[in-house]
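A.B. asks: Pasting in a structure now, in structure tokens, and then I'll have a few things to ask.
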Amino acid sequence: MTKVGILVGSLRKDSFSKKIATNVAALFPKEFEIEMVEIGDLPLYNQDYDDESNAPETYEIFRKSMKDIDAVLFVTPEYNRSVPAVLKNALDVGSRPYGASVWDRKPAAIISQSPGNLSAFGANHHLRQSLVFLNMPILQQPEAYIGHVANLLDENGNIKNEDTRKFLQTFVEAFIDLIKKY
Ligand code: FNR
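All residue numbers for the sequence shown refer to the numbering used here, where the first residue is 98 and numbers rise by one.
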């Protein structure tokens, strides 16, 4: 069983990113196990915590759960033209202690969304920059920029736009092809 972890860059209860993540999780075939990874309980990264006797308990829980994960899907909004701090913090926590990164060589894919028309392009590409350094092979095409997200979801948070659903299915299939290569 291949395990895909989904990290969402928003902690908001009614987050559009969470809704998109839930919809995309359902598009994977049954042989994939999908886990929504909790990142909201990770204290801000501090290099003093690299001494594991000092590290918050949630760091260890997070790093252990990430070690079991084969591939990572990021679904994120944009904050001030960049990656929300909660997601960058999770990347930093998982990247340390030096030499023990949980990200190394794990295939990754990014979906960015916004209620406006820019589709969180800035966050998508800033995130990509970090993933290159973290040595994660990233899905190149199709790129997933979801704009006007509120118009694509019904009152239960399900995607009501058929073209978007089909596009995300194609995106998931391309991600699976990438995962199979690694
Ligand atoms: C935003 N928002 C936003 N939108 C955008 O397209 N570009 C941006 O740079 C920003 N910056 C920004 C900063 C901060 C601090 C907040 C709170 C919001 C709006 C953002 O796209 C909107 O709130 C989304 O709904 C956030 O995603 P979730 O929480 O619905 O997943």
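Here a beta-carbon is modelled for each residue, glycine too, at the ideal position from N, C-alpha and C.
For residue 240, collect the residues of the same chain with a Cβ closer than 7 Å to its Cβ; drop the 5 residues on either side in sequence, then sort them by chain order.
C.D. replies: none
A.B. asks: Run the proximity test for residue 217: is its beta-carbon closer than 7 Å to any non-hydrogen atom belonging to the ligand NAD?
C.D. replies: In the structure on display, the ligand NAD does not appear, and the ligands it does have are the ligand FNR.
A.B. asks: Sort out for me which residues DSSP pairs residue 171 with in a bridge.
C.D. replies: Per DSSP, 104 and 207.
A.B. asks: Based on DSSP bridge pairs, tell me the residues matched to residue 250.
C.D. replies: 256
A.B. asks: Do residue 163 and residue 196 have their CB atoms nearer than 8 Å?
C.D. replies: no
A.B. asks: Whole angstroms is fine: what's the gap from residue 178's alpha carbon to residue 200's?
C.D. replies: One C-alpha to the other measures close to 24 Å.
A.B. asks: For the ligand FNR, is there a heavy atom less than 7 Å away from the beta-carbon of residue 113?
C.D. replies: Yes; taking the cut-off as 7 Å, the Cβ of residue 113 has a heavy atom of the ligand FNR nearer than that.
A.B. asks: So, residue 106 versus residue 132, is the Cβ gap smaller than 8 Å?
C.D. replies: Taking 8 Å as the cut-off, the Cβ atoms of residue 106 and residue 132 do not count as close.
A.B. asks: Mind pulling the beta strand (DSSP E) runs of 3 or more residues that sit fully within the stretch 130-157?
C.D. replies: none
A.B. asks: Leaving aside the five residues before and after residue 140 along the sequence, list all residues of the same chain whose C-beta is less than 6 Å from its C-beta, in chain order.
C.D. replies: 153
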